Structure formats: C-alpha cells, structure tokens
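Trainee: Chains as they are written, first to last, in the working numbering: chain A, 9 to 314; chain B, 900 to 1378. C-beta: ideal position from N, C-alpha, C; glycine also. Just so you know, these numbers come straight off a predicted model, no measurement behind them.
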Amino acid sequence: MSDFFNSGWSVFIAAVTILGLVGCLALLFGASRRKVMSATDNTTGHVWDGDLVELNNPLPRWWMMLFIITVVFGAIYLALYPGLGARAGTLQWSSTGEHQADVAAARAQIAPLYARFNALAPEALAKDAQAMALGERLFVNNCAQCHGSNARGSKGFPNLTDNDWLWGGAPERIMETIREGRNGNMPPMAAAVGTSEEVRNVANYVLSLSDSPHNSVAAQLGRPKFVVCAACHGMDGKGNPALGSANLTDKVWLHGWGEDAIVRMVNEGKHNVMPAHKDRLSEDQIRVLGTYVWSLSQPGSLTAQR
Amino acid sequence: MAEPRKVIPIAAAPAGGTVSMYTSEATIHARSVHGWFAAWRWALVWGTQIVFYGLPWLSWNGRPAMLFDLGARRFYIFNLVLYPQDFIYLTGLLILSAYGLFLFTAVAGRLWCGYACPQTVYTEIFMWVEHHFEGDRQARIKLDKSGWSLNKLWRRGGKHVVWIAIGLWTGFTFVGYFTPIRTLGAEVLSLGLGPWETFWVLFYGFATYGNAGFMREQVCKYMCPYARFQSAMFDHDTLIISYDEKRGEQRGARARTADKAALGLGDCVDCTLCVQVCPTGIDIRQGLQYECIGCAACIDVCNTVMDKLEYPRGLIRYATQRSLVEGGAALTVKRVLRPRVLIYGAVLVLIAGGFTASLALRAPLRVDVVRDRGSLARIVDEGRIENVYRLQVMNNTEVTQRYRFAVSGIPGAQVLARSDTRLAPAESRWVPVAVQVPPEQAQALGPGAHKLVFQVTREADADNLAVSVNEKSTFVVPR
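#1: With a threshold of 8 Å on Cβ separation, who are the neighbours of residue 1179 of chain B within its own chain once the five nearest residues in sequence on each side are excluded?
#2: In the DSSP output, what is residue 1356 of chain B paired with across the bridge?
#3: Measure the CB-CB distance between residue 105 of chain A and residue 97 of chain A and report whether it falls below 8 Å.
#4: By the DSSP assignment, the alpha helix (DSSP H) with residue 1035 of chain B in it spans what residues?
#5: Measuring straight from C-alpha to C-alpha, what distance separates residue 264 of chain A and residue 272 of chain A?
#6: Using a beta-carbon distance below 8 Å, is residue 156 of chain A in contact with chain B?
#7: Ordered along the chain, which non-local residues of its own chain (more than five positions away) have a Cβ less than 8 Å from that of residue 913 of chain B?
#8: For residue 1312 of chain B and residue 1280 of chain B, I'd like the C-alpha separation in whole angstroms.
#9: Going by C-alpha distance, which of A:215, A:89, A:232, A:31 is nearest residue 257 of chain A?
#10: Between residue 911 of chain B and chain A, is the shortest Cβ-Cβ distance under 8 Å, so that the two count as touching?
#11: For residue 1211 of chain B, which residues in the same chain have their Cβ closer than 7 Å to its Cβ, ignoring the five residues on either side in sequence?
#12: Measuring alpha carbon to alpha carbon, tell me which residue in A:307, A:303, A:299, A:292 is nearest residue 117 of chain A.
#13: Whose C-alpha, out of A:142, A:149, A:163, is nearest the C-alpha of residue 157 of chain A?
#14: Let's test the definition: count the other Cβ atoms within 10 Å of the Cβ of residue 179 of chain A and tell me whether it reaches 16, buried, or not, exposed.
#15: My guess is that residue 1368 of chain B and residue 1260 of chain B are in contact by the Cβ rule of under 8 Å, so how many angstroms apart are they, rounded?
#16: Assuming residue 1262 of chain B contacts residue 1332 of chain B under a Cβ cut-off of 8 Å, what Cβ separation, rounded to an integer in Å, is found between them?
#17: With DSSP run on the structure shown, which of helix, strand or coil describes residue 1331 of chain B?
#18: Step through the CB atoms of chain A and report whether any lies within less than 8 Å of the CB of residue 1331 of chain B.
#19: Can you confirm whether residue 45 of chain A, when its beta carbon is compared against all beta carbons of chain B, has any partner nearer than 8 Å?
#20: State the Cα-Cα distance for the pair residue 314 of chain A and residue 1358 of chain B, rounded to the nearest angstrom.
#21: Just grab the DSSP bridge partners of residue 1218 of chain B for me.
#22: Is the CB-CB distance between residue 1087 of chain B and residue 930 of chain B below 8 Å?
#23: Do three or more CB pairs link the stretch 1118-1137 of chain B to the stretch 983-991 of chain B at distances below 8 Å?
#24: Using C-beta distances below 8 Å, list every residue in its chain close to residue 20 of chain A, excluding the 5 sequence neighbours before and after it, in chain order.
#25: According to a CB-to-CB cut-off of less than 7 Å, which residues of the stretch 1108-1123 of chain B neighbour chain A?
#26: Report the residue ranges of all alpha helix (DSSP H) runs contained in full by the stretch 109-161 of chain A; include only those spanning at least 4 residues, in chain order.
#27: Is any beta-carbon of chain A found at less than 8 Å from that of residue 1274 of chain B?
#28: Straight-line CA distance for residue 1350 of chain B to residue 1318 of chain B?
#29: Quick check: the Cα distance between residue 935 of chain B and residue 1199 of chain B, rounded to an integer number of angstroms?
#30: So which residues of chain B does residue 148 of chain A contact, with C-beta pairs closer than 8 Å?
#31: Taking the CB atoms as reference points, tell me whether residue 932 of chain B and residue 1235 of chain B lie closer together than 8 Å.
#32: Could you please give me the residues that DSSP links to residue 1320 of chain B through a beta bridge?
#33: From residue 1188 of chain B to residue 1126 of chain B, what distance separates their C-alpha atoms?
#34: Nearest-angstrom Cα distance between residue 960 of chain B and residue 1273 of chain B?
#35: What does the alpha-carbon distance come out to for the pair residue 303 of chain A and residue 152 of chain A?
So, in structure tokens, the structure goes:
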C-alpha cells in the first residue's frame, strides 16, 4: 500500500533521497581534495583581541571514512527496506509482516504451556491456578475494555458474573461467544405492537413479569400484545439463549430499567454486537479464557476482603 | 596583582602554505614503561577486568548474580530484583558516577582516563599482546617498515589472532550479562546462538578489537566527550602531569659526570623518552595539552632517567599550576579542601546516602493503581456504589508472596477481590478489584471524586514479616 496521493510524489521523494545521497558523496569528495591556507604556526592566521588565534587541527581522514560508510549504509538500507518513495524494498519488509511473525513466534512459544490445559475439562481447568492466572491476564487485556476489569459490565455490556446469560452460560457456549462473537438484534416492534398507548401497556406487562413496579391495569391491557414479543422472548418471557433474546423475568436490565427504557427498546429496537476474537486469540487461549469467564459466575469466585 | 599571562607554546608548523582539510594520523608506537604509576594502571586493569569477566559466572539464589533479562524486563543484581519502574536507580548510579568523576578530576585531573577507562584498560591489554609478538617500540617501527616476510606474517598474524580472541571473549562476556552466560556458552558450543546474541557478541567484540587495537588515542582525541569537558573542571590547584620547566631548562645532552651548572643546563637531558612512551604522541614538555590522558607513563620513564643520573625524581610529576609557579607542595589540605571540591564531595555524599537508603528501604512489593477504563462507577445490589480498579502488583522478591487488599479514607468501604492472590517470584500482575460503598455513606459523601487509599499487604510467612504499601486513588460517586 502506498502512502502517497499519486505516483508523482513517490517519484519526487525517491529522487530527492537519491539526490541527497549523491550530494553527500560529492561534498565529501570535494572536501577531501580541497586545500586550505595555513599559517606557519599551525593557525588559520586569524587573530582576535590581540591574542586569540584559531588553531588549524584538521579532522582525521578516518572520520571522513565514517561519513562515507553512513552513505553506503543508507544506500544498502534503501535497497533492502521501504524508503525510496513507494518502493517496498527487496526484503519486502513491513511492520505488519513483522508483527505477524512475532505473534506466530509467541504462539509457538506458549503452545507447550497450553498443551497441559487442553487435557483438562473446564471444571478441572477452573481449579488450576496457573490456567486461571493466564485467563485473568487474557481477560484484562481483551475483555475488560467493555466488560470491566472485574467482569461486571456496564450499561449495554453484560455482567459476566451474575449467571444471567443471553447466549447460554455453559463453558462451551462462552467459548463459542468469544470465538465467533455475537450479534444481538432486536428489531423495532412499534409497528407490530400498535399505538404508543399499546406500547406503554406492553412495557408495563414486561415489568410485571419480573415483579418490578408497574401499572397493573396497563399490564393487563398489554398482555395480549406480548404475543408479538413472545416470538423471541417466549410466552413466559424467559428468553431464548439460541437467539440471544433476553430473559425479561429477572431483574437484570442490560439497556436500562423502567417503563421509559422498555418503551424506547420496543420503539427503536437494539443492535448489540460482541466482536469475534478467533483472529485475535488462539483456540487454546479461547479455551482458557472461556473457562475463566465461566468460573467468574461460579459461587465463591469473589470475596470481600474487609 | 595581575597573574602572569599564561603562554601555551605551540609547535611551529611547516612554513605556511596550503594543507588538506583532512589529515592522516601517524601510528603511535608507544614504548613500554614500568614504574609506580604503570603498576597502578595494571592493578586497575586486573581489578576491573576480574569483575567484568568474572561477574557473569557468579551464581546467586540459583541464577546469575548479575542478569539483565531484557525479554522479561527484570534486572537481577545480587539480592535485588529491579523492574523497569526502578529506572530511577540507574539515574542515581549515573549521577553518582558523574559526581565521582567531577570530584576526582577536580582534585587529581584525568585519573579516570589514565587508569580505569575501558579504552585505556583494553589498550593496555592489547599493547601487552603487541609487545609480546612484535617487541618494543624500535622493533615495531622496524617491523612496520619492513616488507612482508614469514617472520612479519606470524608476528602480525599472531597478534591479530590473540586480539580477535580477546575481543570475542569480551563480546561473549558482555552478552553474558543479558543471557545467562552458561546458557550462552552452551548455545555457542551447539551453534544455536540467537540472531541478536550473535550480533552483539560480534559487534562488541569488533568494537573492542577496533578501539583497543587500532583507534586507541584517536578515541580520546576525537570521539570522547569526557576528554574534552574534564579540562573545564581543572583549576590552579588540580593535579596535572607537569614538566617542571624551571628545573628542566635549559635542556640538553650531557656526560653523566658533567657539571650541569657549568654547562648552563637544567635537569632535562632531552632523551625524548617521555615522548616515546606517550600513548597519545605528545611532548609533555610543551605544557598541558588536551590530548594528555593523564596516564603518567612519562613520569615513570623520566624517573628512571633521573635515577640513573642521580638527580632527584619528579622532573615530570603530578603538580598543580600553583605549585609550579609558587613552589611548595602540590597537595596541601588547605588547597585540596577548596569550595569546588567540598561542593562536589558534599553532593556526592548526599546522593550516595539517598541512593543507599532508598535501596535499603525498598519495599518487597510495588503497587500501581489504575482506575478501570470501562466504567466510572455503577450501582449494584442494595444500592451500593461500586468502582473498579486494576492494581498492578509487582513482587520484588524471589519468593512467592500472598496479598491482602484493604482501603481506607472512606468509612464502610469494602474491597472485593479474588480470594488468595499469590504472585510467583519476580512476577507482576494486574489484579482487578472492586470497591463498594454503602448507599448511606455514598449519600453522605455526595457526588464526585473522593480520596481513597489502597493498602496492599504482603502477608507474613515463615521467613518474612507482613509489609504494607499504600497507594492513593479516587472513588467516584455518580450523580
């Protein structure tokens, strides 16, 4: 990929670079042949303030050779590596390539470490201190940005420690979530539900499912309309991990709690994405990380220290 | 009273004309020298090189005593385990070295250059090898001029083989500070040296070979910045290697039994030995010159001449400019304890004290607190306010440590962390912890950021007492 608007700039930069190198060589060559005046007493003959003179101590010739070596080094570098305009260099080196090589080398290096873990079932793996320390490191580096360092999430980003799983909480399901990502999509349902009054009624019915404060008259009126929602959330409103539809009967409200928040969800829908990590993490890493995440929701994972 | 104007004699250049802008430096064939100061230099060669070549082989706690593990970012120095976060100690060490240099230079000139600088030390070693293969000054000059012969070939070749061997061993030792040297040795024997290890062994080896074998005084004259700024630390009471002009002139050859007074001669017999032994090729009789590295070779050789003539030693000696003009001893307590020396000394003592105290009081663990970037604060069960933090805990020791976390600054605040946090020797880890504050307390605090102090305690075990480290942070109560 070129960083230039068009090939003209690339040629211009390459020309300036080569001209610079040639210019340096010409200057060195010219200077090495030039003779300068010197007085008999090894000074330049200039005198200031009556007694300040300028000694003429010429640079040693080997020092000039160092300059020539830098020019030669520059020429070799430009031939091998990117530098002459858009030219890639004969080594075809790129920072992306180097990064990928480093990642591959690091994976090869850690593979033996993970080999031991692959023999363990998730339940046993969760009890392995070394594996969980690795899992924690992976979590902090890859997951904590959204789910928080202690995995308790925030609005829009699920809490991973509460045993409420949109896509299922078995270790294998969690690993699948990490590997493939998840694409949670609730379409805007206002048209199917009806008027804004009816949407409000449905919202109150949804609140009633979890015994949250609600208007019971409105909830009764909204109940028939919940059929529209039941397609995904089920008639009992307990959700469906195969679709990633939320359980509406618990008190976990990922996108906001209360009538207004539910009305907005029905009207506008929601598209919430968990990105896939299979290109970022190796399968071995995903297995350890998935087990770590699963272990977070097991009893006794966190303790109050004071 | 105005001081007499200092006259720096300058060698007369060949009659005026044009000269090239570059000069080819002639090889200097320094004559070998024995004496009191040469012995001191050899003592320092042995001292510094036994430490340099020996230290990587020394084991400590089942690992090299001195190991700079760049890959793992851990620096082991005997009992110390340093992290990149401890970089300040390197700064301290450099400041100590700098003030040490200032102090010694102010008192006695370029002692470092003359006796302990690696450039001097390796040049000394290389010149010793050269002397064994090619003989002393005259023999070397002759060999230089002679055409190629079998004799010249083996003398030259042998010298270079030994030089290269020393260079490679030096490079190997240098890399041995970064890769355990026994591992490195095994890698060399099995030809399994990594690309960077190979590069540094060869590069450092080549630098040693080139600098000590070929560049020699050129390094001091043209490359070394210290050589130039040390003269800025000289004053009239600094010991410099000086030719006593009053005593030496009028110089000239004389018979050993001749009466120099009758001939109108001073003590200098103009034997030019002081020029022949000079590793930088100057004539010390022309006064203080920037090329002089203060090696005192001229003092040693001149003293042997004075001894033969049964004149008193010290025609060339360590003297101060003041003592040369006014006479008297060069070093007197009054002259040494001048403000410049006292200030350098005081600063040196102060920094050395701070450095030692800081190392001695260094906690066995280090903690950094970083607030979670994911969420500022959240409301959890029963209306409690929760903030999340990451504590970077670093184990500064080579035993496993267990930790306990606590907070202070907000009454009722509670820490939630995974039970049983342990760190392996020299391990560092991000430990996520949550802090929860009860709703009534949060209400009393009001919205905004409040001061919170984390206390991380390394729990006591069989050999160690519990140690706590406090680290400040904030707790946010949302609106």
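Mentor: Taking the coordinates as given:
#1: The residue you call residue 1179 of chain B lines up with position 280 of the second sequence. Closer than 8 Å at the Cβ level, and outside the excluded window around residue 1179 of chain B, lie 927, 1116, 1119, 1120, 1190, 1191, 1192.
#2: For the purposes of this step, residue 1356 of chain B is taken as residue 457 along the second sequence, with counting starting at 1. Looking at the DSSP assignment, residue 1356 of chain B forms a beta bridge with B:1303, B:1367.
#3: Working through the first sequence from its first residue, we reach residue 105 of chain A at position 97. Working through the first sequence from its first residue, we reach residue 97 of chain A at position 89. The answer is no: Cβ separation not under 8 Å.
#4: On the second sequence, residue 1035 of chain B is found 136 positions in, with the first residue counted as 1. It is not in any alpha helix (DSSP H) - residue 1035 of chain B carries neither H nor E in the DSSP assignment.
#5: If you number the first sequence from 1, residue 264 of chain A lands on position 256. If you number the first sequence from 1, residue 272 of chain A lands on position 264. Roughly 10 Å separates the two Cα atoms.
#6: Residue mapping note: residue 156 of chain A aligns to position 148 of the first sequence, counting from 1. True, the Cβ-Cβ gap to chain B drops below 8 Å.
#7: Numbered from 1 along the second sequence, position 14 holds the residue referred to as residue 913 of chain B. For residue 913 of chain B, the predicted model reports a pLDDT of 45, less than 50, meaning its position is unreliable; a value from the coordinates is still stated below. Same-chain partners within the cutoff: there are none.
#8: As a working note, residue 1312 of chain B is residue 413 in the second sequence. As a working note, residue 1280 of chain B is residue 381 in the second sequence. Those two C-alpha atoms are separated by around 15 Å.
#9: Taking the first residue of the first sequence as 1, we reach residue 257 of chain A at position 249. When each option's Cα is compared against that of residue 257 of chain A, the closest is A:215.
#10: If you number the second sequence from 1, residue 911 of chain B lands on position 12. Any answer about residue 911 of chain B is weak, because its pLDDT of 44 lies below 50 and its placement is not dependable; what the coordinates show is given next. Chain A, which has a Cβ nearer than 8 Å to the Cβ of residue 911 of chain B, makes this yes.
#11: Looking up residue 1211 of chain B in the second sequence gives position 312. Closer than 7 Å at the Cβ level, and outside the excluded window around residue 1211 of chain B, lie 1205.
#12: As a working note, residue 117 of chain A is residue 109 in the first sequence. Taking only the C-alpha atoms, the option nearest residue 117 of chain A is A:292.
#13: What you label residue 157 of chain A is simply residue 149 of the first sequence in a count that begins at 1. Here the closest residue by C-alpha is A:149.
#14: Position 171 of the first sequence, counted from the start, is the residue given in the question as residue 179 of chain A. The residue is buried, with at least 16 neighbouring Cβ atoms inside 10 Å.
#15: Position 469 of the second sequence holds residue 1368 of chain B. Position 361 of the second sequence holds residue 1260 of chain B. Not really, about 12 Å apart at Cβ, beyond 8 Å.
#16: Along the second sequence, read from residue 1 onward, the residue named residue 1262 of chain B stands at position 363. Along the second sequence, read from residue 1 onward, the residue named residue 1332 of chain B stands at position 433. Not quite, the Cβ-Cβ distance comes to about 19 Å (not below 8 Å), so this is no contact.
#17: In the second sequence, residue 1331 of chain B corresponds to position 432, counting from 1. Three-state DSSP puts residue 1331 of chain B in a strand.
#18: As a working note, residue 1331 of chain B is residue 432 in the second sequence. Yes, residue 1331 of chain B lies at the interface with chain A (some Cβ there is under 8 Å from its Cβ).
#19: Locating residue 45 of chain A in the first sequence gives position 37, where the first residue counts as 1. Interface residue, yes.
#20: For the purposes of this step, residue 314 of chain A is taken as the residue at position 306 of the first sequence. For the purposes of this step, residue 1358 of chain B is taken as the residue at position 459 of the second sequence. Below a pLDDT of 50, predicted positions are generally treated as unreliable, and residue 314 of chain A, at 43, falls in that range; no measurement from the model is reported.
#21: For the purposes of this step, residue 1218 of chain B is taken as the residue at position 319 of the second sequence. For residue 1218 of chain B, which the question treats as bridged, DSSP gives the partners B:1139.
#22: The count along the second sequence starts at 1 and reaches residue 1087 of chain B at position 188. The count along the second sequence starts at 1 and reaches residue 930 of chain B at position 31. Taking 8 Å as the Cβ cut-off, residue 1087 of chain B and residue 930 of chain B do not qualify as a contacting pair.
#23: no
#24: By one-based count along the first sequence, residue 20 of chain A stands at place 12. Cβ within range, chain order: 93.
#25: 1117, 1121
#26: 130-133, 137-150, 152-155
#27: Looking up residue 1274 of chain B in the second sequence gives position 375. Closer than 8 Å: yes.
#28: Position 451 of the second sequence, counted from the start, is the residue given in the question as residue 1350 of chain B. Position 419 of the second sequence, counted from the start, is the residue given in the question as residue 1318 of chain B. About 25 Å.
#29: Working through the second sequence from its first residue, we reach residue 935 of chain B at position 36. Working through the second sequence from its first residue, we reach residue 1199 of chain B at position 300. Looking at the two C-alpha atoms, the distance is approximately 7 Å.
#30: Taking the first residue of the first sequence as position 1, residue 148 of chain A is located at position 140. Under the 8 Å cutoff, chain B gives 1289, 1329, 1331.
#31: On the second sequence, position 33 is the one that residue 932 of chain B refers to. On the second sequence, position 336 is the one that residue 1235 of chain B refers to. In this structure, residue 1235 of chain B does not lie closer than 8 Å to residue 932 of chain B by Cβ.
#32: Residue numbering aside, residue 1320 of chain B sits at position 421 when the second sequence is read from its first letter. Residue 1320 of chain B is bridged to B:1302.
#33: Residue 1188 of chain B sits at position 289 when you count from the first residue of the second sequence. Residue 1126 of chain B sits at position 227 when you count from the first residue of the second sequence. Roughly 11 Å separates the two Cα atoms.
#34: Counting from one through the second sequence, the residue named residue 960 of chain B turns up at place 61. Counting from one through the second sequence, the residue named residue 1273 of chain B turns up at place 374. For residue 960 of chain B and residue 1273 of chain B, the distance between alpha carbons rounds to 41 Å.
#35: The count along the first sequence starts at 1 and reaches residue 303 of chain A at position 295. The count along the first sequence starts at 1 and reaches residue 152 of chain A at position 144. Near 16 Å, if we compare the C-alpha coordinates of residue 152 of chain A and residue 303 of chain A.
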